[in-house]
Amino acid sequence: WNIAFCRSFGPDEVREWTEMREVVPLPLSQAPHSVSWSLSPSGEFSVSLAYQALCRLPVLQWLSPLWKAPMPLKIKIFVWQLLRDRLPSGTEVLKRQGPGNGLCPLCHVPEMGTHILFSCVAAQALWCFVCEALGPEWEALDLAEFLQVRATQVGRKRRLFWLIFAAMMWTLWTTHNKMVIEWVFPRRASDSFFKFLAFLQH
1 WNIAFCRSFG PDEVREWTEM REVVPLPLSQ APHSVSWSLS PSGEFSVSLA YQALCRLPVL
61 QWLSPLWKAP MPLKIKIFVW QLLRDRLPSG TEVLKRQGPG NGLCPLCHVP EMGTHILFSC
121 VAAQALWCFV CEALGPEWEA LDLAEFLQVR ATQVGRKRRL FWLIFAAMMW TLWTTHNKMV
181 IEWVFPRRAS DSFFKFLAFL QH
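At position 79 of the sequence shown (counting the first as 1) the number is 79 in the UniProt record's numbering, and the numbers step up by one without a gap.
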């Protein structure tokens, strides 16, 4: 391997690069090697061709109401990250060698996205209030179960579901972060529910 990089590597990167070379051996020959991008006839990378390739990917139709819902773009992106399990929870930050031990400071269990939004003590109060207001069908133990029951609706109910769902998830996420990062706790258990209602009114 004779590859030049734009910057020097740190100790961890050197180790990872060495391990990758051992796992992915390349056949050696006297002919010069070059990097080629398969989506371009010339082998050169093109932003426009990359965009066209992404546009050809199948669209999840059941997600289309999310993008059409009347809510800020940052909330839509947040929900999209949640559905792809890409939220910066404690366990995800730990995987990227970030600060912390990966545990929820409130519950002392692995802080995954589903824990923050469903089973954390900070989330349970809002779920109780929402179930009381909207009915027991809004009760769920995890994201997969919740979407299986609710996201399959059609028409106006489906659009309303995504708006309420996004408002709940955003309220739970921001409330949790306030508590575990800034150590700002709600004065009353109902505060998160009123925050949720305020979001729906915007």
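Note that beta-carbon positions come from the ideal geometry of N, C-alpha and C, so glycine has one too.
Everything numeric in this text was worked out from a predicted model, so none of it was measured.
Exclusion of the five residues before and after residue 171 leaves 126, 192, 195, 196 and 199 as the residues of its chain whose Cβ lies within less than 7 Å of its Cβ. Just so you know, the alpha carbons of residue 176 and residue 56 end up roughly 37 Å apart.
In this structure, the CA atom of residue 159 is about 51 Å from the CA atom of residue 4.
For residue 22, the number of other beta carbons within 10 angstroms of its own is below 16, and it is reported as exposed. Beyond the five residues adjoining it in sequence on each side, residue 114 comes within less than 7 Å, by CB distance, of 142 and 143 in the same chain, given in chain order. Residue 91 sits away from residue 72, with the two beta carbons spaced by 8 Å or more.
The continuous alpha helix (DSSP H) containing residue 55 extends over residues 47-55. An exposed status is given to residue 50, since fewer than 16 other beta-carbon atoms sit within 10 Å of its beta-carbon. Non-local beta-carbon contacts of residue 105 in its own chain, meaning distances under 7 Å to residues more than five positions away in sequence, involve 180 in chain order.
Between residue 87 and the set 135, 112 and 101, the nearest pair of CA atoms involves 112. Its chain contains 146 as the residues whose beta carbon lies nearer than 6 Å to that of residue 140, once the 5 sequence neighbours on both sides are disregarded; these appear in chain order. Around the beta carbon of residue 133, a 10 Å sphere encloses fewer than 16 other beta carbons of the protein chains shown; the residue is thus reported as exposed.
Here residue 120 is buried: its Cβ has 16 or more other Cβ atoms, across all protein chains shown, within 10 Å. Here DSSP, grouped into helix, strand and coil, assigns residue 103 to strand. In the structure shown, residue 88 falls within a coil segment according to DSSP collapsed to helix, strand and coil.
Excluding five sequence positions before and after residue 65, the CB atoms of its chain that fall closer than 6 Å to its own CB belong to 158, 159 and 162, given in chain order. DSSP, reduced to helix, strand and coil, places residue 72 outside both helices and strands of the structure shown, so it counts as coil. For the pair residue 75 and residue 166, the CB atoms are nearer than the 8 Å cut-off. Here the alpha carbon of residue 69 sits roughly 42 Å from the alpha carbon of residue 13. Taking all protein chains shown into account, residue 20 has fewer than 16 neighbouring C-beta atoms within 10 Å of its C-beta and is therefore exposed. Excluding the 5 residues flanking it on each side, residue 118 has same chain C-beta neighbours closer than 8 Å at 127, 140, 141, 142, 143 and 146, in chain order.
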